Structure formats: C-alpha cells, structure tokens
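Input: a single structure, listed below in structure tokens.
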Amino acid sequence: MTHSLTDLRTPTGGRIDRTRPIDFVFDGVTYTGYAGDTLASALLANGVRTITSSVNLGRVRGITGSWSEDATAQVGIDAPYSEPMVPATMIELCPGLVAHGVPGWGKLSADIDTARYDSLHHHPEVLVVGAGAAGLMAAVMAARAGARVMLVDERPEPGGATPGAPWVADAVAEFDAHPHTTRLVRTTAFGGYDDGFVLAVERRTDHLGESSLLGAATRISRQRVHRIRAKRIVIAAGAHERPIVFGTNDLPGVMLAGAAADYLHRYGVLVGREAVVFTACDSAYADAFDLAESGVHIAALVDVRPHVSSDLLERATHLGIDLRTSDAVVRAIGDESVEAVELLDGTIIGCDTVLVSGGWNPAAHLWSQLRGAIAFDADAAAFLPTGTLPNTDIAGAAAGLLTTGSCLTDGRRAGLTALRALGAVLPEYRGVPRTADRTPAATAVYWHVPQSEPESSFVDLQRDATVADVERAVGAGMRSVEHVKRYTTIGTGHDQGKTSGIVASGIVAELLGVDVSDAGTTTFRPPYTPVSFAALAGRNRGDLYDPIRRTPLHEWHIERGAIFEDVGQWKRPRFYPRGGEDMESAVLRECGAVRSGVGILDGSTLGVIDVAGPDAPVFLDLLYTNLMSTLKVGKVRYGVMCGPDGMVLDDGTVMRIAEDRYTVYTTTGNAATILDWMEEWHQTEWPHLQVFTTSLTDHVATFPVVGPHSREVVGAVFPDLDVTNEAFGFMDWRDTAFDGVPVRLGRVSFSGELAYEVNVAAEYAETLWRALIDAGSPYGITPYGTETMHVLRAEKGYPIIGQDTDGTVTPHDLGMSWVVSKKKADFLGKRSFDRPSNQDPNRKHLVGLLPTDSATKLPEGSQIIAHRADRTLPAPPVAMLGHVTSSYRSAELGRPFALALVKGGRERIGALLDVPIGDRLVEVEVTTTVFVDPEGARRDG
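The sequence shown begins at 1 in full-length UniProt numbering and counts up by one.
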C-alpha cells in the first residue's frame, strides 16, 4: 500500500507556532515550515528524505535522529549566515534560511564570516548540565538552598523529553525567580576539564530571521563560548538511543524510534506513513503506540526478544499491530529510500520507514571527559558511569536511572541522585546514594543482526564503516576497541560515535568472544558536538587575532620618519633614515653616534613584570639559573631562565625593589610567555609559595640613554640625582623625579657603553622623552632603532634569545656558565645540565666569525662547513658544522662580522671555516664573541 509523503504534518500538536509559517530554501527548492521547527523537522514534514550523500561511498543519506545524535543529515547554510557543515537536526528554522545538502566531505565557504563571536566567564557554586527532569530538580533545589546555580541546556526549551509540560513551566519559573541563578538555553556543554572547568557554546542568533539577524549582528554575537568554573557539577544530560545494525540500514527512512516520537511530539511531524519498528527495548513500543494513534500504520513491530510483557502485547493487539517476537530485520529494501524490509524467514513487509531501537546509552560524555569511569551493566544493557569523581556527580538517565518498561528518565527517581550531587555544596543533601531507585531497563543486549550482509551493515553511518570493516580490523590483529576505532574510523566523525561507538564495542566483543565489559569503549573526547573555529576564536580574529601594539612615542617616531619592524606584536622603530639613507647607511650612522656621543632608544616594549610577596625571592631562585634571593635592594642583576630541558628560554634584568618585591624585565617577544610561565609553575608546582605576578609592560615606558655623553644628558634632566660612578654604579638603580613625576633609572647596558635606562609611567613618556632629547641636543643625541641596538649588542657578544638561540642552546653553549648557580639546590633546568648530551664537547657553541676578505656580510641563516683547501663547493651531502645567527656591518670595526652557533665552536677559535654563499665559498675566521671593548672600560664612561 502506497501513501503520499509530500505532507506529513499532523493537523494539531507539537511545540511549533502554526500561526507563523516560514519559507525556506533547500537545494534550490522553496518549502514552508513553522517557527519552532528545525530544518530537519521541516524537511521531513515536506516529505524530503534524501539530504546528502555519504563521505566515502557516495550513498544517499537521510535523517536518522532528531538532535545531536543524528549521524547523517549534514547540510551547509548559505543564508542568513554561513556555516559549511552542521546537522540539519540542530538548525532552527528562520526566515531567509537557505541551505544545501553536503555531499561527501563538503567544502569550506569562500565568504568571510562577518558575524560577532564572544565569550564569558562564570563561577557558579553549582553547574547543572541538562534541563530535563533530573537537571531541573537539581537546579531548583540548589537554588532554594541559596546556592549560585547555573543551568545549561542545548535545546531551545527546557524539559528534556517533555517540553511544555506544566511541571516544567513551574520549575523554570521558580528557578528563574531565585537570586543568583543563571539559565542558558541553546547552550551545549561540550567539554569537561580539570578543577570544575566546563566549556559551553551558546547559539544566540542562529534562530533569528534574516531581517532580525542583520539588526542583531551589531548588537549581539552569533555564538558565545562560556567558560565555567564550578564548585560542584551535576551532569544530567540524558541518554542517546542506539540503533541495531542490519543490512542496508543506511537508506533514507531508517531512523531511531525515539527520534520519530520526538518529531511527532515536538514538531507535529509524521516521519512516514507505513513503518516497521525493529527493537530490543520496551521504549520503542511506546513510540510505536504514539505513532499508530497519530495515523501512522505500523506494519509490524519486530522484537528480537522472545517474550514481552502482557500489557505491551495487549496494547499492540488493541491497535492492530502485527507483533513478531524472536525475529529481526535482515535488510532494508529500496533504491533512494526505504520501500520494504526483509525478516529472518524471508518475509517481505512493505513500508516507507524503519524505526530502530536497540536500547539507550547514557550521555556520559562529560563524566568521561572529567576522567570518570564507565562500566557495562547487564541489567541496563548499557555502559553506565561508575565510581566517583571529586565535586562531580551524574544524575537521571545519564547515570542509568531508567524505569522499568520504558528506558526513559523518571524525574522523581533521577532527582534523588541529583540531590546527592549537591551534597558538597548543600550539607542537608549529603549521604543520598547515587544508585537510589535504579531499576533495570527492559532491554536485550543485541548489537547487530548476524544474518545480515556485513558489507552493507553500517555501524557508523557518518564514516561509511560497516560490520565487515570491524571484521577486517579484528582479522588484522586489532584487539583494543581504541585500535579498531582508528582502523575503521568509527566514532571519529562529527557525531563522535553517539550511535556507533557502543555498538562497535559490542560487535568487537562478539568477534573476539569476550564479554562487552572486557572489550570496553573508546574515550569520549571534547567537543561533545562540533564547535566552529570562529566561536572558539571569539573576538581574536582579524586585527584582534594579532593586535598591533604601539609605544606611547609612536607618533613621535612617525614624525621623525622612522621605519618600523614588528617585534612580537609591537611596532618598533628599526631605523631613522636621513636624506635618502638606506638601512645600512642609517644604521652605520646611528651606531657611530652612540659609540662616540649619545643615543636614545625607545625600549618601552620590554616585558615588565612585578613579582611580589614574601616568597618572591624563593620563587625567582627556582625560575632563574642564578641567585636572585641574594640580590640587594637597589641593585640589578642579569638573569637567564631555562626550561626543564635546560635550554635557554629567556633572559633579562631583575631589579630588587624591596625585600618582598622585584621588577623583572623580559625580552619584548617573550613578555606574555614568561608571565604565563610564571603563573603555570606557581599554580601547578609551587602553589604553596606566597607570590603574585603582575604585568606592567603597558604601564611603563623605558628609554635607554647610551654613549659616552649619556651621563651629562641624564644629569641635566635629573639635577637632584648624583650620576657619578661612585654614587650610581653599574647595575644599580635609583629613584628620582621629573617635574614631580616619579622616575626610576637603572645603570644597565646592552651596548657595552655607559648607559642609563630611564623608566617612567607611560602617560608621561613623551614629555620626558622630549626633555631628554632637548638635554642631549648639545651632544648630538641621536635616536636609534632596533637594528642599531642589535649591532651594538652583537659587537659585545650579547645574544638575542630566539635569534642566537633555537631551543637547543644552554647557557653553557652561550659561554655563560657563570650565570648558572652552583649554590642553589634546585632551579628549572638544573638536572638537565648533567645529562651526557649536555656535556658533549661537540655541542654547538656561540662564537664570532670574521670574513677574511673583510668585505662580505654573511647572510643570517647561512650554513657553516669545514674549511676547503681547494676552495670548491663540495658535492652533497655536506656535513654542516653550524649556522650564522647574527650578521652586521660594524661602524666601529669598519668591516662585517657575525655571530654563529658552531659545533665545538670554542675549540675552533682561531681556525678557518667556510660559508657557502651562492656558488662560492666565503672563508671565515672563528673568534670570540666580543669584538668591541673586550676589557669593558667603556661601561663606566
């Protein structure tokens, strides 16, 4: 008997608003649905069954679920927003919606997403995930007790399987009326992490129409990521119905029985006219009865179990349903969609729909992500959460609280478990057992139909993985379910194995002849449902992805014609050309001015971190290779940080401001990294230390005033400060003032010349800078940029971390063994220095290089090879001894020079090596790293 599938909407019922029809376009055809529909429900109501084609085999695919458990209905959204791949079951219908089925792998959109994405942070005492019966009960009770409660649910309406029920409305109204409560709808908790941290994504405008969305785009973000840190978590996420695998079970028209009931009750949609229900679980009977009473002809109810309860049998008889026990569907029959099914005895039953239910799997994903254990429970015929987790519990169907005869959550019973979950926050609920009132589900353990053709029996519909694929994996020697997953790709698709994962475990167990509990399951990993990269990025996109940072003097530099370079996120003046100078000419001029007179540099990009607290000395001793606890107040010390592997991470200077306070200066590019490094070690390894770290980088401007006449300039601007060597020595710091504004100066030199680093609050930077420029005018003060800074420091052999190091360099390799304390019991990297590989004399050392022709400037990054007596390029492969890290022309030396990392470099000083450049060899002499003023006489003026 054939019926039309063009209009499957019931005359009444559902949660849709029938007074608000909505036109939408799918695959170029215009259809009509209603407000409250999903794209999937609207397509089914219009008789659209074929949605797309499968990933690997190109087979036609339809709709198999009603929400996130759907494994097949992947579509792309073209308007009113762009989304390359998303389940049609989770797209709310809105005016202006244009979508298309995604064939195979699909493709990314070429259009730029202009929507806004945001994030928020929350710190509730109780986080409840899921607004079904158990979740609502837990949330309301916690709110009654005065706790700060956050309730999140991924559906548009609360209530779980019974949205719109009077008790749901009452519970929601009470919850919302309590102070300190937050309720989020359309919000999926997709990841659980340590210390009560949960990530959730809220869909904020996807349900709005085209005109509304255009207006809302300027006001609210499209999606928002919520970062939630909770004292207590209650997981009440419900359960997922699982299928039974049989032949050609991927045909459009094969669907989960619970999904069919969901379409009926939520959307007033009949998923077909003639259905065969295939089950191993009592819950499918309730679905079949509801559908039959709504006008669907149930052609047969096929149950793998030999016996069912008398009340179910009586109800089926009353509705005229042909009940076949101890039977199974061997295959679905049809070309583009289901036309019939074949049973074990060869009987063919005509139908347009097959509704399947093999039982229910608790949605224990968050529980598992939080490292909770799950174990197979024969009574429930499912893997259930087991054991305990600190500050976390699981309630309702997610915990396996299933009622006899229905497999659906009983809110009253589930609520008892929810109460126990609140025990840590609400003392009056302590001691309630989590297994309270659990009753076995009337479900048989039945994973697939053995008589079906393995090659056409699909375990994972999203990945086109079949029973035959699982057989091949086991035949190839795979014994772990995790290995089978990777061999077959089962559970790696967008649905993360919600319907396929446990079924695959059951089939593996059968093939190996072991219990399902011994086979186990794969690991549930976040995200629970797909989350767009745009949502995760939030506002960190475009210019905000890598923000441009400017010093307080940026406009001054522009006025002086500075050429900028990007250092970290900062715009730093690289050089200041005059009269058409190129960079090399300008840098030679700037270097000469600094060495012979006085120069000034905008060093405001240096990382500045305040480290305070009674344990600050101990903290810094653990971070730096040298001692900082012995540094006297008023003094400055150079320091090096290493990773646990002993490799140099950063360097800089440290000022001791007080017994319990230091100011740490880092390299520009590593400022954020080092602050994060400090916080990580403090929070994870040394939480007992009383220490606080605060970034001051944006609040402090720093100007090195450098050169033989720097003392005169600084003395003129700060007349109250004694700048003599006797009163203000090298590596001292002093406080003074400029027109009443506090200023801190440090005798620190990164050039080898007499130098003072002037530090002032950023808002006074330009005024003080101009005063220094004016005071230096009689001495020809010259602003210089980062390129000159690099030349000056390289002439003194001072390394730049990240340029003269590459993550494989220790302080000893840099010739800085003196900076590694022999007194400290421990510090980061200490043990690694004793490894044999770090004692190898053939390690790369930082050395100097001088081209023997006194003219060639070696390209940075050039490889260094052994000296060639015949002066010809060697045939490949060529053994490399190292590479050039820094290379410049020197005004002071009147020639080019370079720094390099060379194997056994310190033992090669005085030797000749070669650097291939193009088709020629450039001969170089290995030298020490200090090229200018090796005695250090210039440092004190």
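Note that CB positions come from ideal geometry on N, CA and C, so glycine has one too. As the structure is a computational prediction, the values presented were derived from the model and not from experiment.
Inset, instruction - Write down the C-beta distance between ASP804 and LEU675 rounded to the nearest angstrom, noting that I regard them as a contact closer than 8 Å. - result: With a Cβ gap of about 23 Å, ASP804 and LEU675 do not count as contacting.
Inset, instruction - May I have the straight-line CA-CA distance separating ILE348 from ALA340, to the nearest angstrom? - result: Approximately 7 Å between the Cα atoms of the pair.
Inset, instruction - Give the straight-line distance between the Cα atoms of GLY14 and VAL168, rounded to the nearest whole angstrom. - result: Between the C-alpha atoms of GLY14 and VAL168 there is a straight-line separation of about 16 Å.
Inset, instruction - Name the residue from VAL198, ASP7, HIS207 and GLY334 whose alpha carbon lies nearest to the alpha carbon of LEU270. - result: With distances taken between Cα atoms, LEU270 lies closest to ASP7.
Inset, instruction - Compute the Euclidean distance between the alpha carbons of residue 942 and ILE233, then round it to the nearest angstrom. - result: The chain is shown only over 1 to 941; residue 942 falls outside these bounds and no answer can be derived.
Legend entry - Beta-carbon gap between LYS857 and SER886 smaller than 9 Å: Between LYS857 and SER886, the C-beta gap is not smaller than 9 Å, which leaves the two residues out of contact.
Inset, instruction - Run through the region 172-217 for me and flag every whole beta strand (DSSP E) of 3 or more residues, listed as ranges in chain order. - result: The region 172-217 contains these whole beta strand (DSSP E) runs: 181-184, 187-193 and 197-203.
Inset, instruction - Please confirm whether ALA257 and LEU127 have their CB atoms less than 9 Å apart. - result: No. Outside cutoff.
Inset, instruction - Would you please verify whether the beta carbon of SER629 is less than 9 Å from any beta carbon of chain C? - result: Judged by its chain identifiers, the structure shown contains no chain C, having just a single protein chain.
Inset, instruction - Verify whether the separation of the beta carbon atoms of ILE228 and HIS100 is less than 9 Å. - result: No, the Cβ-Cβ distance between ILE228 and HIS100 is not below 9 Å.
Inset, instruction - Give me whichever residues DSSP pairs with MET150 in a beta bridge. - result: Bridge partners of MET150: LEU127 and THR182.
Legend entry - Beta bridge counterpart(s) of VAL924 as assigned by DSSP: In the DSSP assignment, VAL924 forms a beta bridge with PRO851 and LEU913.
Legend entry - Residues bridged to LEU120 (per DSSP): Residue pairing for LEU120: DSSP places it in a beta bridge opposite HIS226.
Inset, instruction - Report back the beta-carbon spacing between VAL201 and VAL225 to the nearest angstrom; my notes put them in contact at under 8 Å. - result: Rounded, the Cβ-Cβ distance is 5 Å, consistent with contact.
Inset, instruction - Kindly provide the ranges of any beta strand (DSSP E) runs that are 3 or more residues long and lie completely inside the region 695-742, ordered along the chain. - result: Along the region 695-742, the beta strand (DSSP E) occurs as fully enclosed runs of 3 or more residues at 700-706 and 733-738, listed in sequence order.
Inset, instruction - With a threshold of 16 other CB atoms inside 10 Å of the CB of LYS844, please say whether the residue is buried or exposed. - result: LYS844 comes out buried.
Inset, instruction - Excluding the 5 residues preceding and the 5 following PHE833 in the sequence, name in chain order all residues of the same chain whose CB lies nearer than 6 Å to its CB. - result: GLY646.
Legend entry - Length of the line joining the Cα atoms of GLY592 and TYR81: If I take the Cα positions, the gap works out to 59 Å.
Inset, instruction - Identify, in the order they occur along the chain, each residue of the same chain with its Cβ nearer than 7 Å to the Cβ of VAL459, setting aside the five sequence neighbours on each side. - result: Hits under 7 Å: VAL245, ALA465, THR466, VAL467, VAL470, ILE490, SER500, VAL503, ALA504 and ILE507.
Inset, instruction - Put HIS240 into one of helix, strand or coil per three-state DSSP. - result: It is a strand residue.
Inset, instruction - Look up ARG18 in the DSSP assignment and say whether it is helix, strand or coil. - result: Taken through DSSP and simplified to helix, strand or coil, ARG18 comes out as strand.
Legend entry - Rounded C-alpha distance that separates MET731 from GLY643: Note on geometry: alpha-carbon atoms of MET731 and GLY643 lie some 26 Å from one another.
Legend entry - Neighbourhood of SER604 by C-beta, 8 Å cutoff - its chain only, sequence neighbours within 5 removed: Once the five neighbours on either side are set aside, the close Cβ partners of SER604 are THR551, PRO552, LEU553, VAL700, ALA701, THR702, PHE703, ALA762 and ALA765.
Inset, instruction - Count the other CB atoms, across all protein chains shown, that sit within 10 Å of the CB of SER41; report buried if there are 16 or more and exposed otherwise. - result: The residue in question, SER41, is buried, as its Cβ has 16 or more Cβ neighbours within 10 Å.
Legend entry - Reference ALA612, options PRO799, PRO450 and MET655, closest by Cα: Closest by alpha carbon: MET655.
Legend entry - Inter-residue spacing [alpha-carbon to alpha-carbon] between THR529 and THR492: Rounded to the nearest angstrom, the two C-alpha atoms are 12 Å apart.
Inset, instruction - Apply the 10 Å Cβ neighbour rule to LYS796 and answer buried if 16 or more other Cβ atoms are within range, or exposed otherwise. - result: The residue in question, LYS796, is buried, as its Cβ has 16 or more Cβ neighbours within 10 Å.
Legend entry - Nearest to LEU754 (by Cα), restricted to the options GLY62, VAL594 and ALA145: Ranking GLY62, VAL594 and ALA145 by CA distance to the CA of LEU754 puts VAL594 first.
Legend entry - From ASP262, LEU721, LEU849 and GLU680, residue whose alpha carbon lies closest to that of LEU828: It is GLU680.
Inset, instruction - Go ahead and pull the three-state DSSP assignment for GLU342. - result: Correct three-state label for GLU342: strand.
Legend entry - C-alpha gap between ARG472 and MET150, whole angstroms: When the Cα atoms are used, ARG472 and MET150 turn out to be separated by approximately 47 Å.
Legend entry - Proximity below 9 Å, CB of SER821 to CB of THR663: Cβ distance not < 9 Å, so SER821 and THR663 don't count as in contact.
Inset, instruction - Quick one: measure Cβ to Cβ for LEU264 and ALA292, integer angstroms, because I've assumed they're closer than 8 Å. - result: No, LEU264 and ALA292 are not in contact; Cβ-Cβ is about 11 Å, not under 8 Å.
Legend entry - Counterpart residues of VAL902 in DSSP-defined beta bridges: Paired residues: HIS845 and GLY882.
Inset, instruction - Count the CB pairs spanning the region 47-58 and the region 92-108 that are closer than 8 Å, and state whether there are at least three. - result: The region 47-58 vs the region 92-108: in contact.
Inset, instruction - Could you name the residues of the same chain whose beta carbon sits closer than 6 Å to that of ARG560, not counting the 5 residues immediately before and after it, in chain order? - result: The answer, listed in chain order, is TYR576.
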